[in-house]
Every structure is written in structure tokens, then in C-alpha cells.
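In the UniProt record's numbering, the protein residues as written are 1 to 821.
This is the structure:
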């Protein structure tokens, strides 16, 4: 083909590619009528253009072999493929082990995939889905590894179609389209509040079911904002896994993503949902041109795009102009803000975008608009047309120039307050982390900065500030900084008392977390006094807020158990268990409740029941949970303790080693919870005759716990008790007596009295061995009185103590007989 001919074809091709499909076909017909040869060549080139996109959309792997249908993966049978992508494939599958009947969407890594990065990403998706629970999210139901060692995820099977196809097929009213996007914003906001960024929001990941409900799918490339992985790839060097057409500028540049990245993608999806077109009209549709547009070209106003389309031959002119008129004004401004190139100029969160969508639907002023009085008056007139007519325009104008505008602003702020603060904190936290990704990620400092910023910026939004303080307090508990966490939660408590009317969810969460902090500090009586008054509210909200109420009962039960009220604790744990139903997220809660109940059995000496409970909890989690999650670490430690008490030191060592390695990875070796695991390993070493190692470890752990918790904490009492056992086993009766005496002194505090009997029993045994029978009898009698009151006459420890008292009496009689002779 000569150059002149190619230039002619290229010019025509550029013109045709700029047109909508219907207009393009009409123009091609006209060209063919005038020049059939030119028409055929253009038609051939257009088909090649379309084929190239279909080819590029295909994965590099070959299609899934059809013979795989009917094969089994774990407890599931594959029925037929639903889709496939670069990382894996999704099958419709059914449960085949007879436990229950249900069809699921089973996500698998592609056969033969050995790339550790892809397997890591698959595991991260499991971790992310496990922490999210929302009605507009395809829930994780199960996860595991098949017989060939390949991981799988079982999710809700969603029968629906992409949101763009749904709107194109049904042509719903604008209000319906915006309501669909509000559902999308709600689930994205939920993910952001849990420190998860999706990174690949697009219509094919947003399905609409026949009943009009939205389900968000595919967290395959999502990112955990609180996940500090030194081995993770730098954002600029990762293989591009996002979908270019919906990517934010910072993704194209290879920069770190934040929640604002998802806000941009939401803007692109919203643009397509309300117009039927993507924001950018390209000549070639090449990746290079897409990237240039995303980085450098300002997206057109949605109404202007529809007006241009209406002018094209064959276009439905009236419908497009009518649609453009609806978008002109607030929705144009709203979309323009969401699609800003600079992340800091966008909406600050998905919830902020949703807030403006709600305001638009309610006829209220949107936040993206400058707060002019005239604009707000017009919006008010639109909402109250008849009332304004009756009242008179003059009165409205007077009202609008004074208190009305201020009232509108206060209303708008109140609507956004709580969720907005959560999102702002998340963005600020990760922005700070991203700027330091080549250095040390100092989480405590980031929390301190976040708290200072919140107190400065949210002074006029008390509920928002209170929720932010609750998040920071909860994170500080996780870091092991219990005293600082309590200070933060005390500030939240005072603030909520000033607010007066507090939403039940926030009230339950706030009281629960403060109680948890008090318990972790060993202040059990304060914890109980703080939690008990909330029981009526918790009971009234059990149906509406089952997860929050279940957590409240868990913390109440642990507080009761800490104070020795095993019966009340069991009732609380059973209430929590009853509220935790089926589903992936609920499994973690149910495992937690089973472990709580097992701990009561372990304390009471019912070791077989405790062992069964811990194993049931671990089996419930299986391979679904991270080995380094606090819950799994605690389960391995508790299981190791029980096995050691039963004398199975080999199995105990295996469990405690798992717990210790995971604790170091999750918390670091100086975290209080990690030190408790280390102490359990030291006691096992003592049980296995490794006295020198045990003594060294126990002393180091005690010194570090003293620095972290202070001298009066219950865990310091445990440390003295453990050192007493080591000294006794080493033959140093004097040191053992001193350690036990210190444990007794600490555990005599009212908050720790439930632990006192075991220290008194050990102290009495040392006194008896030293021949101090009278003192031993006094100590053992006190221990018996406490045990009888705390655990009842059937407690196994009571029988051991009675045997000890009988042996003491026999020894005393022997001495008296010898003296008489």
C-alpha cells in the first residue's frame, strides 16, 4: 500500500474511531456507497482494531481444559468456568462432601503457577476478604488448599451483570443509577475503614443482581494499608495488574496508592454509569494514548460529552440532550472533583463522594460547590417549592442571607462527620507511611500524628473525633501500649459524654474497647463496672449489631473470668457464640468464643475438655487464617500450655514453637503478648529438665514485662510464680519462697484475687518442705477457702489441696510422735 493511500485510510480511521458505534456504522455505510473499495478496507481495519483489543484482553495462559469440569478441589466439585484473569480462574462449584448444599464461586490459582508473587497476592486476597464483612461484598465462605497443594477461595456466587451493562440494558432513571453507586461507595468505604484499598474498581468487578443490589468482587490486587512488608515490591516496580481504563494517575505513574486512588476509580465508574461512556474519547485506544489522557488530559464535563454525542449523525439526540440537562450543574461539578489529577484535590474519601451523591438526590447543596448563599437558596427552593411560594420570596432571601446558610453547613457537616473522620485518618496514616517506605515504618508515631491532627481538625465534629479516638485506641491495644490506649479511650469517653446522643454502634464499640484496655491493664473490677451498665443496650441491639454485641459479651466474659466468676463468664461467652453465625468472618468470632470457653475449662482443671475446645477452634479456622494473626498465636500458646500440663511435652513444644515464631513476626519479641509466649516456652524447658535455659529466659522475660506493664500487673505475678517454680526445681528453697511471696503479694490485689490460690498452694508446699508446718497450714487453709468460694466443692484443684493438707497433718503427727518418744 502506497503512502498516500495509507494516509487517506488513516485519516478516515481516526474519524470513525472517534464516533459512537451506531454513528460509526452509519458513516461507514455512506463512505461505502461513494467508494466501495475504501469502505471495504476501512471495515477490514476496524475489525482488526477490534480483534487486537480482544486478543490483548486474553490471558497469556491457554484456556482452562474443558475436561477439568467435574473434578474436585478440596470439598468442592467444579461445574463450569465463570471467568479467568492473569492470576487465576473462577469456577462455579458445589459442595460435594455432604455437609451442606450450596453453589459457590471458587477462585483458583492457574494450574502450574509457581510465581511466589502471585501466590503471595492470592494469600493477601484471602487475608483481606477475611477482615471485610458487608452486605454489598461477595463474602468469603471458605478457604484452603487442595490435594495438590494449590490454594482456593470459596466466595458467594453472585448472579448479576456488570453495572455498566445493567444500566445500558435497562436504561434506568438517573436516580436509580446514583442509588446503585451509593451501594458501591458504601462497600468501598467499609473497605477503607478496615485499611483496605481495592485498586481495581471497574464495572466488571461491580455486579448488579436482578433485585437491584450491588456486589463488589475481586480483591485480587487490593492492598492492606496497615501491612508493613519489607519484602513487598516497590509500587514502581510491580507488574501492572490494574485495569488501565479505570486507573488513577498515581497508578499510571507507579506511585504509592491510597484510598484516594479508589475515589478516582469510583469517579470513572460513576461517569460511565451516568453517561454510558468513559471520560476520555481517544483516537487510537492504545495504552500509550490512555496513559497520556489519564495523566495530562482533563476529563470533559459529563453534560458536555453527551451534548457532543447528540450532535453526531444517527444519535438519539433528544434523549442525550435531556440526559445532559440532568447532569449539568451539580453532577458535572461532583464528577470533576472525583476525577482530579491531584489526589489532594479529590473527595477526601468514598464516603465524602457518597455524601454529595445523597445531597444531590435530596436536592441539598453539595460540598464540592463553593458555599454561596445564592446557590444554597436555589437548592432550598428546589426542595420546598410550594412552601417557599407560600412564604414569599422576600422572606426566603432574608433567611438565606443570615442563619439559613449556617444551618445548611451544619447539617452537611453532621451528615459526613463520623465516616469522614475514619477516611481522613486512613488517608493520613497511609500517606505518611508511603512517604517513609524506604525507611522505618513507625506506627506509634503515625498514630500520635493522626490523633493530633484529628483533635485540631475535628474539634467541631465531636462524633467524628470520638470515632477516630476509638480507632487509635484499638490500634494501640494491638501494639501492646495499654496505658496509652486507655488514655485515648478515656478522652473518647469524656467526649461522648459531652455529645449526649450517641449512635448505638459507636456507644457499644467505645465501651467495649475501653473495657478491653482496662482488662489488659489488669484492672478487672473497673472493667466489670464499666461494661455491666451497657448490658441492656447490648441486648436491645443484638439483632441489629450482632458482631459488636458479640464482641461486647466476649470482653465482659474475659473480665468476669479474670475476676474468678467462671459461671458468669461462661454465660457471657455462650451469648457471644450464639451471635456468631456461619460465614468466613463469623468463623473467627466463633473460634474466639470456643477458645474463651476452653480457657475456662483449662482454669478449672478440665484439661481434656480444654484440649478439645482449643483444637475445635483451630480446626474451625484451619488454613483460613494467617499464622501470625493474634487469635491463631493465642490458640497455639493455650494448646501448648494444656498439652504441657498433661505431660505431652513433645506436642506442647511444637505448638509453642509455632506460637513463638508467629508472635515475633506479628508483634516483635518485646510485645507483652510475645513475652507471654516466650515465658510459656521457658516453663516447658523447665519441665523438660533444661533448668539453666529456663532460668535465663524467665529472668529476661520478667525484666522486659516489668518495663512494659509496671510492678503490680497480674502478668508480673505470673512471672514471679514461674520463677518460684524454677527456683524450687533448682533446689533453692529460699529463692522459691521469696518469688512465691512476691506472687502472693501481687495477686492479693482485688483485681487479681482469682489467681491467688495457686500461689498460696505453691507457697504452702515450700513452707512444708522447709518444716514450717504452722505457717504452711495457715497458707493452705486460706487457699482452700478461696478455691471453695471461686470454683465450688468439685474443683480438681480443691482435691489436690485437700491431699496436701492431709499430708501436712500426717507430717505434723509424725514429728509429734517422734518428739513424744
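Glycine is no exception: its CB is placed at the ideal position from the N, C-alpha and C atoms.
According to DSSP, residues forming a beta bridge with residue i
| i | result |
| --- | --- |
| residue 140 | 155 |
| residue 725 | Its beta-bridge partners do not exist; DSSP assigns none. |
| residue 76 | 73 and 95 |
| residue 89 | 84 and 108 |
| residue 216 | 137 and 206 |
| residue 161 | 208 |
| residue 145 | 151 |
| residue 103 | 94 |
Opening and closing residue of the alpha helix (DSSP H) in which residue i lies
| i | result |
| --- | --- |
| residue 690 | No alpha helix (DSSP H) holds residue 690; DSSP gives it neither H nor E. |
| residue 787 | 773–791 |
| residue 246 | Careful: residue 246 lies outside any alpha helix (DSSP H) and carries neither H nor E. |
| residue 541 | Counting along the chain, residue 541 falls outside any alpha helix (DSSP H), and DSSP gives it neither H nor E. |
| residue 269 | 259–275 |
| residue 757 | 756–769 |
| residue 352 | 350–361 |
| residue 333 | 330–338 |
| residue 730 | No alpha helix (DSSP H) holds residue 730; DSSP gives it neither H nor E. |
| residue 834 | This structure cannot speak to residue 834, because the chain is shown only from 1 to 821. |
Pair within 9 Å by beta-carbon distance, residue i and residue j
| i | j | result |
| --- | --- | --- |
| residue 680 | residue 641 | yes |
| residue 366 | residue 334 | yes |
| residue 486 | residue 525 | no |
| residue 279 | residue 249 | no |
| residue 823 | residue 733 | Any property of residue 823 remains undetermined from this structure, which presents the chain solely from 1 to 821. |
| residue 555 | residue 531 | yes |
| residue 678 | residue 708 | no |
| residue 296 | residue 198 | no |
| residue 552 | residue 508 | yes |
| residue 506 | residue 455 | no |
| residue 259 | residue 350 | yes |
| residue 656 | residue 611 | no |
| residue 332 | residue 356 | no |
| residue 597 | residue 615 | no |
| residue 339 | residue 287 | no |
| residue 862 | residue 673 | Because residue 862 is not part of the residues shown, which for the chain are 1 to 821, the question remains open. |
| residue 105 | residue 130 | no |
| residue 209 | residue 202 | no |
| residue 783 | residue 757 | yes |
| residue 474 | residue 444 | no |
| residue 77 | residue 93 | yes |
| residue 845 | residue 189 | The chain is shown only over 1 to 821; residue 845 falls outside these bounds and no answer can be derived. |
| residue 267 | residue 346 | yes |
| residue 777 | residue 751 | no |
| residue 511 | residue 528 | no |
| residue 136 | residue 187 | yes |
| residue 685 | residue 701 | no |
Residue i: first and last residue of the uninterrupted beta strand (DSSP E) it sits in
| i | result |
| --- | --- |
| residue 744 | That residue, residue 744, is in no beta strand (DSSP E); its alpha helix (DSSP H) goes 733–747. |
Check: residue i C-beta below 8 Å from any heavy atom of the ligand ADP
| i | result |
| --- | --- |
| residue 489 | By its list of ligands, the structure shown contains no ligand whatsoever, and the ligand ADP lies outside what it can speak to. |
Tell me whether the segment 149–157 and the segment 167–175 touch, counting them as touching only if at least three CB pairs, one residue from each stretch, are closer than 8 Å. With a cut-off of 8 Å on Cβ pairs, the segment 149–157 is not in contact with the segment 167–175, counting fewer than three such pairs.
Between the segment 515–535 and the segment 480–488, are three or more C-beta pairs nearer than 8 Å? The segment 480–488 and the segment 515–535 touch, with three or more beta-carbon pairs separated by less than 8 Å.
Those runs of the alpha helix (DSSP H) which lie wholly inside the segment 610–678 and span at least 4 residues: 630–645 and 649–667, all fully within the segment 610–678.
Report the residue ranges of all alpha helix (DSSP H) runs contained in full by the segment 455–528; include only those spanning at least 4 residues, in chain order. For the segment 455–528, whole alpha helix (DSSP H) runs of length 4 or above, ordered along the chain, are 462–478, 482–499 and 504–520.
3 or more residues per run - each beta strand (DSSP E) lying fully within the segment 169–195: Restricted to the segment 169–195, not a single beta strand (DSSP E) segment is unbroken, complete and at least 3 residues in length.
With three or more C-beta pairs closer than 8 Å as the rule, is the segment 745–763 touching the segment 721–733? The answer is yes - the segment 745–763 touches the segment 721–733, with three or more Cβ pairs under 8 Å.
Between the segment 176–194 and the segment 303–318, do three or more beta carbon pairs fall short of 8 Å? With the cut-off at 8 Å, the segment 176–194 and the segment 303–318 do not touch.
Counting only runs of 4+ residues fully inside the segment 279–321, write out the alpha helix (DSSP H) ranges in chain order. Segments of the alpha helix (DSSP H) lying fully in the segment 279–321: 287–296 and 302–310.
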